[in-house]
Every structure is written in C-alpha cells, then in structure tokens.
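K.L.:
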Amino acid sequence: MRGTEHQFARPLRGWRRLGGWRRLGGWLIGVVLLLGTVMLVLHLADLERTARLMQQAKPGWMALALGLQATTYALTALVWHDALQAQGEVVARRALLPLSVAKLFAEQAVPSGGVSGAAFFVAALGRRGIDSAHCLGALLASLISGYAAYVLMAAVALTVLALQHRLSHWIVVSAALFLVFVSAIVALAASLRWLDRLPPAALVQRLPMVELLIDALAAAPADIWRAGLIARLGGLQLLILVCDAGTLWACLHAIGADTGATSALAAFMVTSMVATIGFVPLGLGTFEAACTATLAHQGIPLAAALTATLILRVLTLWLPMLPGLWLMRGALGGAARP
C-alpha cells in the first residue's frame, strides 16, 4: 500500500509545483475581470433593479436549480461507479457521492480541463485501497467520455447560436481554442497509447498532470477502451452538462427572464469553453464575464444576465465550496478500505 500511496500522491504534489506566483497571478487576473464585468454592467444598468431582481427570485425555480445541481453530483458519482464496476471493483454509489462534491473544489481551484478533479478522485480512491490500475482506468474513462460530451454539446451550442445569427467572432475564437486544447490532449493520449511515444521531459516537468496521464495509459486495463462503456459514460456526462445548463435556465426564470432552454444551453457551453481555456483559479472573472456577455448577446437584459450568472455561481461554486474543501481534506486522509 505504501507504493500505491506514493503513486497517487504525485498529482497532488504536482498541484503545488505550479508555483505561488503563477497562482497569485491567476487570482489577480480573475478579480480584475470579475470587478470589470460588474462595474461595466452596473454602469449601464440600474443598480437598484439588479438588487431587486435578486430579492424577487422565485422559490419554485430556485428549488429546481438546486435539484438540478444535486443531480450533477449523483451523476458524477455514477460515472465513476460504472467505470470502476466495469473493471470488477465494487464501490457503493453513496460512498462516491461526497467525492463528487469535493471533485468540484479540486477542478475549480486547479484549472486543468477536468484533469485535476479526476486526479483528486484517483488519489481519494487509492487511499481507500482501490486497485491503482482500476483507479487510473476509471480516470481515463471519465476524461475520454467527458471530453466527448463536451465537444458534442459545444457543437450543439454553436449550432444554436448560428441559427440565431448570434455567432460572434469572440465565440468562434473561444470555440477554436477549446478545440485545440481538447485535440492536444487526444493527440497526446493517442501518441502514448498507440505510437508509444513519450512527450519531452521538460513538458512533463512543467505540466505535472501529463505524468498522471502517462501513468493512466500505462496501467489502465484494456477493457476500459470498450466502446459500449465509453458510450454509456458519455451519456451520463451529457446529462451532467444538461443539468448544469438547466440550472442556468432555472436561474434566469427565477428572476423573471423568460429564456428558452436552448439559449441557456448555448450560454453555458460557451462559458464552459472560455473557463476551460482560461486556466484562472475558480474561473473567477472569466466565467462571469463570458456568461453575462453570451446571455446579453442573445438579447437578455444586462442586469438580468449578470444577476442570473451570479446566482448560478452561488449554486455551483460558492455554496458547495466549504463542504467541498472539508470533504476533500477528509477524503485524502481517509482510511483504506477493509
């Protein structure tokens, strides 16, 4: 078990190697973007109207938003449960649910396109005695199915905006950069899996998560590449994105903004792409700016767009932040599974 713990500790040490100045710089950029977005909207819109919209949020729609967010955690746990079960590991779904909440904190605090959250899951499961190869196999299945779902939903979002004649240049550029990012990860995985080519040592040292990907590809069982498994997990990942977009849609209706579900989906997916390529801790500023801008670009009043975005951030980030941090610390210090 000592060797396994050492292996699972590597991605966690890698987060710390990102460097304090680099992390501080990301925070500062995020704060500036967040404040700039709020100041711009409040300059153009009425502050009193924005506050009134938040106070008048409809309880029924807010309950729906909370329910949709709770569903995303259950679906995330189900993704990992099914990936582990496909490899012969029996883990109770309820045991994975707290890890799903903590995974959010890991992904938000260390932006890496979902790799940091998956690395946390691997480390937490390893502490509980789950076979290391099976943990890494589940990580691969989660990432592959997740990226496939993201690309598919991003295509849907861009199609919606194109049909609305609201596909602006900055959205196209953001989508292109996101596609480059995903393609780079896929190319790296393909070169390791089928061409047996390792990336330059300097790249591995600068990007600790690349080392985790190398370990996963080397150790994961061949069964994890089954098309049926990836398709099933991809369907669950699609449902997670639909629930997240539905949360934004519910937030808009909670403040009286009558918006179509497809518009909310398009706004959420564009925002997710921007946050992914932004690599700003917590998505601070980049998420708020992108979501507000995309909603406003679709004709939603600026005050309503900002208010719905801020409510969404409370539900998806700030509300689960403290329990996520507490659960994360507990998960990484938990005892091994008997």
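The sequence shown begins at 1 in UniProt numbering and counts up one residue at a time.
Glycine included, each C-beta is placed from N, C-alpha and C at the ideal position.
(1) Please go through the same chain and pick out, in chain order, the residues whose beta-carbon is closer than 7 Å to the beta-carbon of TRP80, but skip the five residues on each side of it.
(2) State buried or exposed for ARG337, treating a residue as buried only when at least 16 other CB atoms are found within 10 Å of its CB.
(3) Apart from the five residues just before and just after LEU177, which ones in its own chain have a Cβ nearer than 7 Å to its Cβ?
(4) Let's see if you can read the secondary structure: which residues bound the alpha helix (DSSP H) around THR259?
(5) Report all residues from its chain with a CB closer than 7 Å to the CB of GLY324; omit the five preceding and five following residues, and keep chain order.
(6) What is the rounded straight-line gap between the Cα of LEU229 and the Cα of ARG128?
(7) By the DSSP assignment, the alpha helix (DSSP H) with PRO301 in it spans what residues?
(8) Between the stretch 311–329 and the stretch 243–262, can you find at least three pairs of beta-carbon atoms closer than 8 Å?
(9) With distance defined between alpha-carbon atoms, name the residue in LEU236, GLY117, ALA83, TRP225 nearest to ILE130.
(10) Are the stretch 234–242 and the stretch 158–173 in contact at 8 Å, needing three or more beta carbon pairs?
(11) With a CB to CB cut of under 6 Å and the five nearest residues on each side skipped, what residues in its chain are close to MET147?
(12) If we call anything under 8 Å between Cβ atoms a contact, is ALA304 one with ALA267?
(13) Counting along the chain, where does the alpha helix (DSSP H) carrying ARG127 start and finish?
(14) When the Cα atoms are used, what is the spatial distance from ALA57 to ALA218?
(15) Where does LEU68 land, buried or exposed, given buried means 16+ other C-beta within 10 angstroms?
(16) For SER168, report the span of its alpha helix (DSSP H) as first-last.
(17) Can you tell me whether PRO221 is helix, strand or coil according to DSSP?
(18) Report buried or exposed for HIS134, applying the criterion of at least 16 other Cβ atoms within 10 angstroms of its Cβ.
(19) Could you pull the start and end residues of the alpha helix (DSSP H) that ALA149 belongs to?
(20) Please report how far the alpha carbon of LEU75 lies from the alpha carbon of THR292, in whole angstroms.
(21) Among SER145, TRP170, LEU136, which residue has its Cα nearest to the Cα of LEU233?
(22) Going by other Cβ atoms of all chains shown within 10 Å of its Cβ, with 16 needed for buried, is SER168 buried or exposed?
(23) Compare the beta carbon distance of ALA331 and ASP223 with 8 Å and say whether it is the shorter of the two.
(24) Just to confirm, are ALA154 and MET269 a CB contact at a threshold of 8 Å?
(25) Helix, strand or coil, according to DSSP, for ALA175 in the structure here?
P.N.:
On the basis of the coordinates in this document:
(1) Here residue 80 corresponds to residue number 80 of the sequence shown, with the count starting at 1. Cβ within range, chain order: LEU96, PHE121, ALA138, SER142.
(2) In the sequence shown, the residue the question calls residue 337 occupies position 337. Note on ARG337: pLDDT 45, under 50, position unreliable in the model; the coordinate value appears next. With fewer than 16 other Cβ atoms within 10 Å, it is exposed.
(3) For this step, residue 177 is matched to residue 177 along the sequence shown. Apart from the 5 residues on each side of it in sequence, LEU177 sits with its Cβ closer than 7 Å to the Cβ of ILE277 in its chain, given in chain order.
(4) Along the sequence shown, read from residue 1 onward, the residue named residue 259 stands at position 259. Element bounds for THR259: n/a, residue is neither H nor E.
(5) Position 324 of the sequence shown, counting from 1, holds the residue named residue 324. Cβ within range, chain order: VAL101, ALA102, LEU104, PHE105.
(6) Locating residue 229 in the sequence shown gives position 229, counting from the first residue. Locating residue 128 in the sequence shown gives position 128, counting from the first residue. In a straight line, the C-alpha of LEU229 is about 24 Å away from that of ARG128.
(7) In the sequence shown, counting from the first residue as 1, residue 301 sits at position 301. PRO301 -> no alpha helix (DSSP H), and no H or E assigned at all.
(8) yes
(9) For the purposes of this step, residue 130 is taken as the residue at position 130 of the sequence shown. Checking every option, the nearest Cα to that of ILE130 belongs to ALA83.
(10) Pairwise C-beta distances place the stretch 234–242 out of contact with the stretch 158–173, as fewer than three of them are shorter than 8 Å.
(11) Counting from 1 along the sequence shown, the entry for residue 147 is found at position 147. Note on residue identity: the sequence assigns Tyr, not Met, to residue 147. Around TYR147: VAL182.
(12) Counted from its first residue, the sequence shown places residue 304 at position 304. Counted from its first residue, the sequence shown places residue 267 at position 267. Cβ atoms of ALA304 and ALA267: not closer than 8 Å.
(13) For the purposes of this step, residue 127 is taken as residue 127 along the sequence shown, with counting starting at 1. Note, ARG127: alpha helix (DSSP H), 115–127.
(14) Sequence index remark: in the sequence shown, residue 57 carries index 57 (1-based). Sequence index remark: in the sequence shown, residue 218 carries index 218 (1-based). Straight-line Cα distance between these residues: approximately 50 Å.
(15) Stepping through the sequence shown from its first residue, residue 68 is reached at position 68. With 16 or more neighbouring CB atoms inside 10 Å of its own CB, LEU68 falls in the buried class.
(16) Locating residue 168 in the sequence shown gives position 168, counting from the first residue. Neither: SER168 is in no alpha helix (DSSP H) and is coded neither H nor E.
(17) Taking the sequence shown and counting its residues from 1, the one referred to as residue 221 is at position 221. Coil, per DSSP.
(18) Here residue 134 refers to the residue found at position 134 when the sequence shown is read from its first residue. It is buried - the Cβ of HIS134 has at least 16 other Cβ atoms within 10 Å.
(19) Residue 149 sits at position 149 when you count from the first residue of the sequence shown. Element bounds for ALA149: 132–163.
(20) Here residue 75 refers to the residue found at position 75 of the sequence shown. Here residue 292 refers to the residue found at position 292 of the sequence shown. Each residue's Cα considered, the two are about 27 Å apart.
(21) For the purposes of this step, residue 233 is taken as residue 233 along the sequence shown, with counting starting at 1. Ranking the options by Cα distance to LEU233, first place goes to SER145.
(22) Here residue 168 refers to the residue found at position 168 when the sequence shown is read from its first residue. With fewer than 16 other Cβ atoms within 10 Å, it is exposed.
(23) As a position in the sequence shown, residue 331 is number 331, starting the count at 1. As a position in the sequence shown, residue 223 is number 223, starting the count at 1. For the 8 Å CB-CB criterion, ALA331 and ASP223 do not form a contact.
(24) Here residue 154 refers to the residue found at position 154 of the sequence shown. Here residue 269 refers to the residue found at position 269 of the sequence shown. For ALA154 and MET269, yes; Cβs fall inside 8 Å.
(25) Within the sequence shown, numbered from 1, the residue matching residue 175 stands at position 175. Note: ALA175 maps to helix in three-state DSSP.
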